[in-house]
Each structure stands twice: as structure tokens, then as C-alpha cells.
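Visitor: Positions 999 to 1695 (my numbering) are the ones given, in order, by the first sequence. Glycine included, C-beta positions come from ideal geometry on N, C-alpha and C. I have a structure here, written as C-alpha cells, and I will follow up with some questions on it.
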Amino acid sequence: MDKIYKQSEIEAKWYKFWEEQGFFKPEVNPDGEPYTIILPPPNANAPLHFGHAMYVIEDILIRYKRMQGYSALWLPGSDHAGFETQYVFEKHLEKQGKSRFDYDRDTLYKLIWDFVQENTGTMENQLRRLGYSVDWSRMKFTLDPDIVKVVYKTFKRLFEDGLIYRSNRLVNYCTFNGTSFSDLEVNYVEKQDKLYFIKYPFADGTGSITIATTRPETLFGDSAVAVNPEDSRYQDIIGQTLILPLTNRHIQIIADLRVEKDFGTGAVKITPAHDPLDYEIGRDNNLEQITVIGFDGKLKEVAQKFAGMYPKQARDAVVEELNQLGLVEKAEDYTHRIGTCYKCGKPIEPLLLEQWFIDVKSLSRKAIKAVKTGEIKIYPKNWETTYFRWLENIKDWNISRQIVWGMQIPAWFCNKCSEWIVTEGEVPEKCPNCQNSSLERDTDVFDTWFSSGQWPYATLQSTKEGDFEKFYPTSVMETMYDILLFWVARMIMLGIYATGKVPFKNIVLHGKVLDPLGQKMSKSKGNVVNSIEIVEQYGADAARMALVYGTAFGHDQALSHPKLQAMRNFTNKLWNIGRFIIEFKPEDSANKFSFHSDDQEIIKKTQELSVKVSTALDQYRFHDAADSLYEFIWHQFADKYLESVKNRRSEAQPTLEYVFKTCLELLHPFMPFITEELWQKLPHQGESIMIAKWPNS
RNA sequence: GACCACUUAGCUCAGUGGUAGAGCGCUGCAUUCACAUUGCAGAUGUCGGGGGUUCAAAUCCCUCAGUGGUCACCA
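Below you can see the structure in the form of C-alpha cells.
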């Protein structure tokens, strides 16, 4: 044995061996009970950072269950990540002095496709380097034709069940990125603005009513002024006619309970096309929806001489004009929160747009029930609160995106009878209603979460014959807590809808990996750590162990070089224990266990360790398992027992071998490479520690 | 506004009712011994503040403060 553990050689050797032997496939235990984890498909638009290495948790579970004899499947994949990827790609274009507007739809799509293919290769190699025992033969990509087919099928079924509808409603629109978003993709940030108090004159010339607004520039879209019917100040003027300033349009004062008496003057301008609450009030009072701001972010012709300006610029100009007319009573400093694009940070405009929506109420009810009844369990449990609260208050989900990268929605509009035709992807020849053959396909693509929300069954229905029947519902969905709502909750809703079964029985949520200073890793901060750098510096086993050891599972942790070093030292310790037992084995070693009380005791403690590790893993207390292993192997076994047998070495040899082999097996899910290397050098049965029998089973 | 998590040794963190723990760091000693990526020994904390329950509280309850995060959003 080498004096120094040569990690990179050994890691490459065993990964290749495992893969060639087919050990990553569930067929290695053909008769075992199924145990399934679907890898959350990483975005195929960038290399993995060290946070992705937290998926080691899934490898630990899969290796553990595989050793217990389960037919364990860990299914890998990658996500086209619609808007995210297009955004990243546009940044690339920007560096080359280009933009998305320089290409037609098909060309842009193809460019992004090639970009993604390249990144997917990088990502796969990174997963290999970390030792992940995923079944590569079942690798899927969210844009694989068979996956797309499943997603289209679900869309069509939802449409036919009346759970998907098309509606012209206010959506969250980023005029910079040129697309709408779901509610979850809007970030609200605090902003200092002015609250303007503006006089709207009565048409009969008897005076005016003062309204308060932060957005005077949308005044051209006003279709009423509303007051609270219980507001004593305004009882007498409800129903009166006003002249909308800067126009000669007449609008009325209406009463609506949703108006807060205590805010501003208690009177509010109603602009149904540009504010969510105004939209509702407008809808319920049959008010006209007048669009002032266009999808290019500029004011439209209705804004007269302000047309063509951006809202901020127009705001100042409108206020100036109103001021000259003596209609601005005052302007107060005002701190409020405005919706911004989660990606570019620019203000989100609520705009009227025809989009596809999912009526989520019936889906969310079932998703809530699945967790309430315990059919699905969430670890750590405290996330249940977040899950329930979101699903209980969820609004219909806008799944249309005005980008090119993604699955184009399989819906065609008939120009003649104005009906939508939805298919499973095949192009309809003519309208089934009116036989018209002039059909126009919706240019929008699906929200990426609509497709990834179907990932568990879409993958298993398109890998191998019988996979879905055998491996669905899956056992564990393990991911970072930040996509519990974006992804996990939606998988539950769509999974139950499409298959009648929950997509997974347990949700296991890990924490965030922060940079060494405890800051969030982000490209803009330039503090992203590539997982390969860490693997090369400390070894894959140490990198894996460092993520599990010493921090309670589910909590955030800063990447810690001291901890990585400690775990690298631990691999060194293991290597030297191995050398002591294997390389320095006495010629006259006994071939039976001795009855020495120390030997008996260490065997007993090893068996206790097996129970402890198994229990911890069953409860998803990974740090407990890792801490116990570290403490026992180093401090109980090496420091104490191993030292104590040096003067009766021959007698103790069988015990040394047995205990060490057991420790390696228990440690294997955490540190697969070094455990395999050492296990192979000890007397063993079977081809690999990977498929050795778990000590406590 | 609501919810969630966190506050323990110099630093990073375990520890959910029974005499305070780990890793790193620190102090002293050891070294042809499997391992200096080592071993042995040691120092270090009124467990965020206050109150309560209990024979017993870092741990359970209440409250206050701070930190991080999430959701909802009133012009």
C-alpha cells in the first residue's frame, strides 16, 4: 500500500469500475423492494457550484438502501430551466455586443440548445467526480421528446377538464425581459417615493375631490374614483361626475368597501389596467380597462404628449403639468414596497395580457390533504407551515411565458371561430369546430416549473418499460428548501392530478451552502465556489463528509476550509488504520475471534454503532450518523482499541479486521471511494462494498 | 403585517429534561511505533436578556432583544 492515499487515481478507478459493473442500476438488486429518488435536475445553463454537492444526501440514502438490498434507483436529469437559461444566454450575447433581437425565434432556440448541451456535459462530469451513484442509463433532459409529450398530454387533459383556461388578466410583466411571471417570481423591495395628492374637479364646477396616488402617470387609464361607502366624508358625492385631469373624459365617483378610509384622503383613482386591486374593483363595477403602458414599457398614445415616455419620466412630467394647473395639493415622502423582476430587479408592471392559467384550487386542496394525512412527510417538519400557508392562499397560476427557450405551448387559435385547439403536440390540420385551416400557434412557452412540476412521473414514464409501475411513487424528494413552493408543492399538485398518486412519500430539505464568510454564493458577487475545485483540493470523500458532518441537517452552513481539512485528515486516518491492519498484519495472525474482553467489547460497540447509524439515516439525521462514525472510528477504534492491542496483535487481528470492515461498510454511503479501496484489501465476499450487505440488516 | 429558523468555548457549530460537547485555534509533553494530514494531557462558556413550569431547564412555556430567511401586500 502506498504511504499516502492517492485520492484522484483511486476515485477515478472505482467510479469507472462501479459504472462498468452496472452497480448504479436498480437491476443490481432485481428482487428488492423499490427505493427511488429522482435527482432534482440541475439547470443546464451553468457548471455546478459547491451547493449542488449537497445532493450527496441523496447518494447516502441510495447507497444505504442499495446495501440493504433495495432495488434502488437514483434517476439523474437536467433542466432546460426556461427563462433562467435564456437570461444567462442573453448575458453571453451581451458580452458579444448582441441581443436576443438580433435573431429569429428558431435561430435563437438553436443557439441556446447548443449552449445547454455543452453545459450538460460539464455538469455530468461534476456529478461523477462527487461519486454520485446515479443510473446514467436513465438520464433525462426536460426537453427530451418523450418528456415533452408527457407534459403536453397533461396540459391537454387539464384543458379538457376545465382546469386550464385562457384569460385576459393582469399579469406580472417585466418590460425589460419581455415576459410575464408567476406571483412567486416577483420580488417586493422597499422604495422611497412620493405620494401625490391630486385634485379631480367635479364636472359641475362645484369643487373637487382629492385622491392620493404614487403613480400619477397612469391617470390616463383611470375609469373611476372610488371611496369607501361607509366613509362619512364622501356619503353625499357618491355617483357624482368628475373631469379626469389633462383630459376631457368624464368619470364617476363609485363606492367600494375595499377602499381604505384611512389611507391618503380615503379617495382612490381606479386604473383597472395597471393595478391588481383596481383591476378587481373595475371588474366588479364594469369599468373600462384602459391600457396606458405598453409591453415595451412606454406610455401609449392615450397618454397624449406623454406617449413614448417611460413611467418614471412621465411621472415627473405629468406632475409638473398638473402642478401648473394647480391640481397638485401636496406630495408626501412615502416608503412602500414595489414589485420587481426577481432576475433583473427592474419594476414589474401589472399589465393586461391574454395568458394560460391553471385553476389551482382543486389541485392545492389535494396537495394539502396529502401532507395533512401523512401520506407525504416533510423533514424538517417546520416547513409544513410554509407549505400549508402558501397552498391555502394560492392564486391561479399563469403558465405562459413570452420567451423562446422552453416547450412551446401546444395550442392553436382558429382565426375564424376564435376557438383554441389544444393537442398533445401534433399540429392540427383544421379547426374541428369550423373546419377552417387557418390556425395560428400560440408563440408562448410554458413556465419551466410547469414542466419540471411533472418530473417524477414524466421521467419514469419515459425511461424503461415498467419503471413507472415499479418506481412510482418515489421514496424521497430531497432538495434545498428554497424551492419547496416553486417546485415541490407543484410536483405534488400535478403528480396527484396526473397519476392519482402522490409523487413521493417523503420530502427531505437540506440547507443552503454559503461562502466561507457566510454570504450567499452568487455570480454577481463573484464568490461562487466550483465543486470540482474542492474535490481536487481535499478529495471527493472529504468534500462529501464535510457537508454532512457538524451541522444539523436542514440548516444553512458556510463552506468551511477547516472542516474540509479535518475531513481530509479523517481520510488519512482511515488510510493509516487500513495500512496498520492490512499492510502490517502479523504472520501468525489468529483465524478466529478471541474471547478477550476488549475484543468482545469493541465488537459490541460496533454493533451499537450500526444501530445508531441506521436509525439516524432512517430519520434523515445525517449529521448524527456522520458524527457517530467519525467519533467511533477515530477516537474509539483507532485511538483506544487499536493502541491497546499492539502487544497482543496476532490474537486481535480477526477482530481488527471485522470491526474495520464493518466501519467501512457503515461509512461507505458517506465516503464511497476510500471505503471501497480499503474494503477490497480486507478479506471480503462479493465484488464491491457498494453491493455488500449493510451491517445492521 | 404574518410565519419560520437561529442566538452555546476565541471562530464554525453539535447537543430537546438528569453533573456543558466536537472540529479548528490555544498551552504543555511525546516522536526511528499505521498515521505530524499524529498521539497524550490541559485551559477556555453565569448555553442572548428577563420571567415561569419542574426535584431537575441550554433543552418545555411566556416575554423582550438581535440576526437571517419566507410569504402576503393598500392606491
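Three Cβ pairs or more, each shorter than 8 Å: is that satisfied between the stretch 1597 to 1609 and the stretch 1565 to 1581?
Guide: The answer is no - the stretch 1565 to 1581 does not touch the stretch 1597 to 1609, with fewer than three Cβ pairs under 8 Å.
Visitor: Who are the near neighbours of A1588 in its chain, counting only those whose CB is closer than 7 Å to its CB and skipping five residues on each side?
Guide: Numbered from its first residue, the first sequence carries residue 1588 at position 590. Correct list, in chain order: S1648, E1649, Q1651 and P1652.
Visitor: Are the CB atoms of D1539 and M1669 within a distance shorter than 7 Å?
Guide: Along the first sequence, one-based indexing puts residue 1669 at 671. Along the first sequence, one-based indexing puts residue 1539 at 541. Yes, the Cβ-Cβ distance between M1669 and D1539 is below 7 Å.
Visitor: On the three-state DSSP scale, how would you describe C1415?
Guide: Locating residue 1415 in the first sequence gives position 417, counting from the first residue. In the structure shown, C1415 sits in coil (DSSP, three-state: anything other than H, G, I, E or B).
Visitor: For the alpha helix (DSSP H) that contains M1307, what are its first and last residues?
Guide: As a first step, residue 1307 must be located in the first sequence, where it is residue number 309. Unbroken run through M1307: none, as it is neither H nor E.
Visitor: From what residue to what residue does the alpha helix (DSSP H) around T1604 run?
Guide: One-based indexing of the first sequence puts residue 1604 at position 606. Here the alpha helix (DSSP H) through T1604 covers S1595 to D1616.
Visitor: Would DSSP call A1210 helix, strand or coil?
Guide: As a working note, residue 1210 is residue 212 in the first sequence. DSSP places A1210 in strand when its eight states are reduced to three.
Visitor: Do you know how far the Cα of H1666 is from the Cα of G1030?
Guide: As a working mapping, residue 1030 is identified with position 32 in the first sequence. As a working mapping, residue 1666 is identified with position 668 in the first sequence. Their backbone Cα atoms lie some 20 Å apart in a straight line.
Visitor: Determine the burial state of D1294: buried for a count of at least 16 other Cβ atoms within 10 Å of its Cβ, exposed for fewer.
Guide: By 1-based counting over the first sequence, the position of residue 1294 is 296. Exposed, by the Cβ-count rule.
Visitor: Taking 8 Å as the cut-off, does the stretch 1299 to 1313 touch the stretch 1212 to 1223 (at least 3 CB pairs, one atom from each stretch)?
Guide: Contact holds: three or more Cβ-Cβ distances are below 8 Å.
Visitor: Hey, would you say L1109 sits closer than 7 Å to R1098, going by beta carbons?
Guide: In the first sequence, residue 1109 corresponds to position 111, counting from 1. In the first sequence, residue 1098 corresponds to position 100, counting from 1. No, they are not a contact pair.
Visitor: Here's a check: name, in chain order, each residue in its chain whose Cβ is nearer than 7 Å to the Cβ of T1549, leaving out the five neighbours to either side.
Guide: By one-based count along the first sequence, residue 1549 stands at place 551. Closer than 7 Å at the Cβ level, and outside the excluded window around T1549, lie Q1555 and H1621.
Visitor: Can you have a look at L1323 and say buried or exposed, based on whether 16 or more other CB atoms are within 10 angstroms of its CB?
Guide: Locating residue 1323 in the first sequence gives position 325, where the first residue counts as 1. Looking at its Cβ environment, which holds fewer than 16 other Cβ atoms inside 10 Å, L1323 is exposed.
Visitor: What's the gap between the Cα of K1510 and the Cα of F1630?
Guide: Counted from its first residue, the first sequence places residue 1510 at position 512. Counted from its first residue, the first sequence places residue 1630 at position 632. Going by the C-alpha atoms only, they are around 28 Å apart.
Visitor: What residues in its chain sit with their C-beta under 6 Å from that of N1504, if we drop five residues either side in the sequence?
Guide: For this step, residue 1504 is matched to residue 506 along the first sequence. Excluding residues within five positions, the ones whose Cβ falls inside 6 Å are K1375 and V1474.
Visitor: Quick one: Cα of N1391 to Cα of T1384, how far?
Guide: Position 393 of the first sequence, counted from the first residue, corresponds to residue 1391. Position 386 of the first sequence, counted from the first residue, corresponds to residue 1384. Spanning the two alpha carbons is a distance of roughly 11 Å.
Visitor: Mind checking who T1034 pairs with in its DSSP beta bridge?
Guide: Start at 1 with the first residue of the first sequence, and residue 1034 comes out as number 36. According to DSSP, T1034 bridges with L1071.
Visitor: Please look up how many angstroms separate the CB atoms of V1223 and A1253, rounded, as I've assumed it's under 8 Å.
Guide: Within the first sequence, numbered from 1, the residue matching residue 1223 stands at position 225. Within the first sequence, numbered from 1, the residue matching residue 1253 stands at position 255. In fact, because the Cβ distance is near 10 Å, the residues do not count as touching under 8 Å.
Visitor: Out of L1325, N1246, I1207 and G1423, point me to the one whose CA is closest to Y1232's CA.
Guide: Residue mapping note: residue 1232 aligns to position 234 of the first sequence, counting from 1. Of the listed residues, the one whose Cα sits closest to Y1232 is I1207.
Visitor: Which partner residues of M1478 appear in the DSSP bridge assignment?
Guide: The residue given as residue 1478 occupies position 480 in the first sequence. DSSP output for M1478 lists H1508 as bridge partner(s).
Visitor: Which runs of the alpha helix (DSSP H), 4 residues or longer, sit entirely within the stretch 1359 to 1404?
Guide: Counting whole runs of 4 or more residues, the stretch 1359 to 1404 contains the alpha helix (DSSP H) stretches 1359 to 1370 and 1381 to 1390.
Visitor: Between A1305 and the rest of its own chain, which residues show a CB-CB distance below 7 Å, the 5 nearest in sequence each way excluded?
Guide: Indexing the first sequence from 1 puts residue 1305 at position 307. Cβ neighbours of A1305 beyond the five flanking positions: L1297, K1298 and E1299.
Visitor: For N1226, which residues in the same chain have their Cβ closer than 6 Å to its Cβ, ignoring the five residues on either side in sequence?
Guide: As a position in the first sequence, residue 1226 is number 228, starting the count at 1. Closer than 6 Å at Cβ, skipping near neighbours: V1257 and K1259.
Visitor: Measuring only the C-alpha atoms, how far is T1673 from Q1005?
Guide: Against the first sequence, residue 1673 aligns to sequence position 675. Against the first sequence, residue 1005 aligns to sequence position 7. Looking at the two C-alpha atoms, the distance is approximately 12 Å.
Visitor: In the DSSP output, which residue or residues are listed as bridge partners for H1334?
Guide: Your numbering for residue 1334 matches position 336 in the first sequence. Its beta-bridge partners are K1189.
Visitor: In chain order, what are the residue ranges of uninterrupted beta strand (DSSP E) at least 3 long that sit wholly in the stretch 1436 to 1482?
Guide: Correct list: 1437 to 1439 and 1472 to 1478.
Visitor: Where does V1132 fall in DSSP's three states?
Guide: As a first step, residue 1132 is located in the first sequence; it is residue number 134 there, counting from the start. Looking at V1132 - three-state DSSP - the assignment turns out to be coil, as it is neither helix nor strand.
Visitor: Using DSSP's beta-bridge definition, name the partner residues of N1528.
Guide: Against the first sequence, residue 1528 aligns to sequence position 530. H1047, per the DSSP bridge assignment.
Visitor: Please name the residue in I1196, A1201 and D1202 whose C-alpha comes closest to that of I1209.
Guide: Walking along the first sequence from the start, residue 1209 turns up at place 211. Ranking the options by Cα distance to I1209, first place goes to I1196.
Visitor: Put K1523 into one of helix, strand or coil per three-state DSSP.
Guide: Counted from its first residue, the first sequence places residue 1523 at position 525. The answer is coil: DSSP assigns K1523 none of H, G, I, E or B.
Visitor: Measure the beta-carbon distance from I1288 to S1221 and round it to whole angstroms, keeping in mind my assumption that it falls under 8 Å.
Guide: Residue mapping note: residue 1288 aligns to position 290 of the first sequence, counting from 1. Residue mapping note: residue 1221 aligns to position 223 of the first sequence, counting from 1. I1288 to S1221, Cβ: 6 Å. Contact.
Visitor: Only counting the same chain, and skipping five residues up and downstream in sequence, which positions put a Cβ closer than 8 Å to that of V1184?
Guide: Indexing the first sequence from 1 puts residue 1184 at position 186. Result list for V1184: N1170, G1337, T1338, C1339, Y1340 and I1346, in chain order.
Visitor: Comparing C-alpha positions only, which one of Q1066, P1408, P1348 and V1369 sits nearest to K1154?
Guide: For this step, residue 1154 is matched to residue 156 along the first sequence. If we check each option's Cα against that of K1154, P1408 comes out closest.
Visitor: Tell me, please, whether the stretch 1388 to 1406 touches the stretch 1191 to 1205 by the rule of three or more beta-carbon pairs shorter than 8 Å.
Guide: The answer is no - the stretch 1191 to 1205 does not touch the stretch 1388 to 1406, with fewer than three Cβ pairs under 8 Å.
Visitor: Does DSSP classify I1249 as helix, strand or coil?
Guide: Looking up residue 1249 in the first sequence gives position 251. DSSP places I1249 in strand when its eight states are reduced to three.
Visitor: Confirm, please, whether the CB-CB distance from S1076 to P1039 is below 7 Å.
Guide: Here residue 1039 refers to the residue found at position 41 of the first sequence. Here residue 1076 refers to the residue found at position 78 of the first sequence. Yes, the pair counts as a contact, with Cβ atoms nearer than the cut-off.
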